[in-house]
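Just so we're aligned, residue 31 is where the sequence shown starts under my numbering, counting upward by one. Note that CB positions come from ideal geometry on N, CA and C, so glycine has one too. Computed from a predicted model, the values in this text were never measured in an experiment. Reviewing the structure listed below.
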Amino acid sequence: MSGGTTPDTGSSYPPPVYAATEDQRSAPPAGVLWWVGGTILLGVLVGVLWWLLAPTGRIFGDPAVPEEWVLRDLTLAGLELVAGVLVGTGVALRLALPGATARIVAAIGGSVLASLLALGVGQGLAYLLGPDGVEGVPGSRFLLASYGVLALWPATTAIIVFVTALIALARRRS
């Protein structure tokens with residue numbers, strides 16, 4: 031040990047065994063695609079259910095009766111509310127896992143796309159397979175009259191995630 035050099039012991043802190051090998055804050059791309067794809071598939075299911083269950087749809091109701099047109103919109107609103115609760119609860123249960131921000135953005139963005147897709151699937155099935163209204167009766171076509179219904183799914187998802195995050199934050203502070 032001459033010459034004033036110190037021996038290299040190879041020690042560093044933290045040891046390489048404990049060092050994180052990858053960024054633990056980001057979600058894997060497959061997880062983000064899973065959330066977007068899952069919500070889009072749920073949107074197709076909601077569209078089919080809307081077409082089947084709505085008055086003036088496939089199973090029951092008369093497209094010529096104007097009182098049933100509002101129920102057609104309310105049926106889609108109820109289905110989108112249920113879908114928003116399902117997606118929001120699924121995301122809220124995974125808030126503590128790595129990549130929560132990417133998961134939230136994917137779920138809410140997927141909910142927007144799925145809501146639009148549900149509208150398109152329901153109206154498309156009515157156009158292709160019927161019933162698509164009565165000839166000569168304006169407003170009897172299987173269409174959505176109140177487009178604000180489309181905001182229910184992503185809004186419900188966002189509200190559930192927001193409230194769950196606030197509750198978790200309040201618990202940590204107390």
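| Asked | Found |
| --- | --- |
| Hey, residue 74 and residue 121: beta-carbon distance below 8 Å or not? | no |
| For a test of the three-state rule: what should DSSP assign to residue 123, helix, strand or coil? | coil |
| Since residue 64 and residue 109 are thought to touch, with beta carbons under 8 Å apart, how far apart are those beta carbons, to the nearest angstrom? | With a Cβ gap of about 22 Å, residue 64 and residue 109 do not count as contacting. |
| Is residue 3 helix, strand or coil by DSSP? | Given a span of 31 to 204 for the chain in the structure shown, any question on residue 3 remains unanswerable. |
| Roughly how many whole angstroms lie between the Cα atoms of residue 112 and residue 165? | 33 Å |
| Evaluate contact between the region 183–190 and the region 114–134, counting only Cβ atoms and requiring at least three cross-stretch pairs below 8 Å. | yes |
| Curious, which full-length alpha helix (DSSP H) runs of at least 4 residues does the region 71–145 contain? | 97–122 |
| Alpha carbon to alpha carbon, how far is residue 172 from residue 87? | 7 Å |
| Which residue wins for smallest C-alpha separation from residue 72, given the options 177, 149, 202, 204? | 149 |
| Check for me: the alpha helix (DSSP H) holding residue 196 runs from which residue to which? | 182–203 |
| Is the distance from the Cβ of residue 133 to the Cβ of residue 67 below 8 Å? | no |
| What separation, rounded to the nearest whole angstrom, lies between the Cα atoms of residue 168 and residue 118? | 38 Å |
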